[in-house]
Ligand code: ACO
């Protein structure tokens, strides 16, 4: 059978770093509070002239280089983002133009922090059915643009960045020893919208809006929902949680990461955590963490990875893959 194999990974973080101490100069907060409650020490912020597509292009270039592919070979681009350059066109078509990719398929996926997992599953539908030979799946966010800087409960949590993977078809035997995307579980519950949303939009008030969140409620749902989805994705792939080499979660809060790992019986040494340096970069956080794990030599080809995320919607989901 044809499997969708991740053949290259790349990440990009904008230059400017905002530490907790930097924020404490204009927000009523402290480094101690932020580190204790979230594990976050700093976040990156895009320059005023950098849009989501600019971050995406940088990450995509690195992923293509790692895969040994050129923009001319890309026939599908999916960008997971909740902070697009423009209301339309899709960031994916802007990335296509900036990279110089030929005419192909390009569109965005909007599932907030779960966007990258949703986008991977969407790409699998193209690649595993023979409809794409070289796909770029990108998570790219400028979350700092959605912050209400007077709301200390949210503005300390988010950062900007992008991560990308190249996905190509590969022959598999149809069992869990195959390289590629092996199993998924995607979920959404629209009744929980009020827990996490942006209070602006094209067809409501015509504003960009600000991110609003009932943090403690989101926290409660996160650990339970994510654990269920991770277990379901592992089952879908035909693997057991103890078989997993690396757990690469959406990086929202170190306490959520620890809570999920403990509920799943996963040793914390198997968790890739970048939340301290990157904060929550929404749809970009999983591919950024994956890129970091590969760059520092921990995550290697052939290993079994479990990715998961939860975000606004509420949406959540997980993916089991062999690199
Ligand atoms: N600095 C100092 N004090 C603060 C800050 C801050 N930055 N933020 C909140 N506080 C205060 C509150 O005002 C409150 O004070 P009070 O008791 O005097 O009223 C107190 O801290 C406790 O507030 P809580 O909101 O109950 O604090 P909690 O322990 O729940 O931590 C946090 C807040 C960190 C937001 C936590 O709830 C959380 O991480 N939730 C999950 C959020 C998340 O992961 N969101 C992203 C997932 S989806 C996505 O990525 C888009």
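In my numbering, the protein residues as written are 943 to 1265.
Glycine is no exception: its CB is placed at the ideal position from the N, C-alpha and C atoms.
Less than 8 Å between the C-beta atoms of residue 1132 and residue 1143, yes or no? For this step, residue 1132 is matched to residue 190 along the chain shown. For this step, residue 1143 is matched to residue 201 along the chain shown. Not in contact: residue 1132 and residue 1143 (Cβ atoms no closer than 8 Å).
Ends of the beta strand (DSSP E) at residue 984? In the chain shown, the residue the question calls residue 984 occupies position 42. Note, residue 984: beta strand (DSSP E), 984-987.
Could you pull out every residue in the same chain whose Cβ sits closer than 6 Å to the Cβ of residue 1022, ignoring the five residues on either side in sequence? Start at 1 with the first residue of the chain shown, and residue 1022 comes out as number 80. Excluding residues within five positions, the ones whose Cβ falls inside 6 Å are 1051, 1057, 1058, 1061, 1081 and 1225.
I think residue 1178 touches residue 1125, with their Cβ atoms under 8 Å apart; what is that distance to the nearest whole Å? Locating residue 1178 in the chain shown gives position 236, where the first residue counts as 1. Locating residue 1125 in the chain shown gives position 183, where the first residue counts as 1. Confirmed, about 3 Å.
Do residue 1180 and residue 1055 have their C-beta atoms closer together than 8 Å? Within the chain shown, the letter at position 238 stands for residue 1180. Within the chain shown, the letter at position 113 stands for residue 1055. Going by C-beta atoms, residue 1180 is not nearer than 8 Å to residue 1055.
Between 1029, 1015, 1053 and 1107, which lies nearest to residue 1145 when the distance is taken from Cα to Cα? The residue given as residue 1145 occupies position 203 in the chain shown. Nearest option by C-alpha distance: 1029.
The beta strand (DSSP E) spanning residue 1126 covers which residue range? As a first step, residue 1126 must be located in the chain shown, where it is residue number 184. Where residue 1126 is concerned, the enclosing beta strand (DSSP E) stretches over 1122-1130.
How is the alpha helix (DSSP H) around residue 1198 delimited, first residue to last? Mapped onto the chain shown, residue 1198 falls at position 256. Start and end: 1196-1206.
Considering only the alpha carbon of each residue, which of 1001, 977 and 1110 lies closest to residue 946? Here the question's residue 946 lines up with position 4 in the chain shown. Closest by alpha carbon: 1110.
With residue 961 as the anchor, note down where its alpha helix (DSSP H) starts and where it stops. Start at 1 with the first residue of the chain shown, and residue 961 comes out as number 19. Careful: residue 961 lies outside any alpha helix (DSSP H), inside the beta strand (DSSP E) at 958-961.
Closest Cα partner of residue 903 within the set 1255, 1219 and 979: Within the shown structure, residues of the chain are numbered from 943 to 1265, placing residue 903 beyond reach of any answer.
In three-state terms, what does DSSP make of residue 1085? Against the chain shown, residue 1085 aligns to sequence position 143. In this structure, residue 1085 counts as helix in the three-state DSSP scheme.
Under the criterion of a Cβ to heavy atom distance below 7 Å, does residue 1128 qualify as lining the ligand ACO? Counting from 1 along the chain shown, the entry for residue 1128 is found at position 186. No - the ligand ACO has no heavy atom lying nearer than 7 Å to the Cβ of residue 1128.
Residue 1183 and residue 1174 - do their beta-carbons sit closer together than 8 Å? In the chain shown, the residue the question calls residue 1174 occupies position 232. In the chain shown, the residue the question calls residue 1183 occupies position 241. Not closer than 8 Å, so no.
Where residue 1017 falls: helix, strand or coil (DSSP): Here residue 1017 refers to the residue found at position 75 of the chain shown. Per DSSP, reduced to three states, the secondary structure at residue 1017 is coil, with no helix or strand assignment.
Considering residue 974, what are the terminal residues of the alpha helix (DSSP H) in which it resides? Sequence index remark: in the chain shown, residue 974 carries index 32 (1-based). From DSSP, the alpha helix (DSSP H) with residue 974 extends over 973-980.
Find out if the Cβ-Cβ distance for the pair residue 926, residue 983 is shorter than 8 Å. Any answer about residue 926 is impossible in this case: the structure gives the chain only from 943 up to 1265.
Within 8 Å, strictly: CB atoms of residue 1231 and residue 1196: The count along the chain shown starts at 1 and reaches residue 1231 at position 289. The count along the chain shown starts at 1 and reaches residue 1196 at position 254. Their beta carbons are not under 8 Å apart, which means residue 1231 does not touch residue 1196 by this criterion.
When 998, 958 and 1167 are compared against residue 1227, the one with the closest alpha-carbon: For the purposes of this step, residue 1227 is identified with residue 285 of the chain shown, where counting begins at 1. That would be 998, whose Cα lies nearest to the Cα of residue 1227.
For the alpha helix (DSSP H) holding residue 1177, just list the boundary residues, first then last. Counting from 1 along the chain shown, the entry for residue 1177 is found at position 235. Its alpha helix (DSSP H) spans residues 1157-1179.
Let me know the secondary structure DSSP gives residue 993 once reduced to three states. Here residue 993 corresponds to residue number 51 of the chain shown, with the count starting at 1. Residue 993 falls in the coil class under three-state DSSP.
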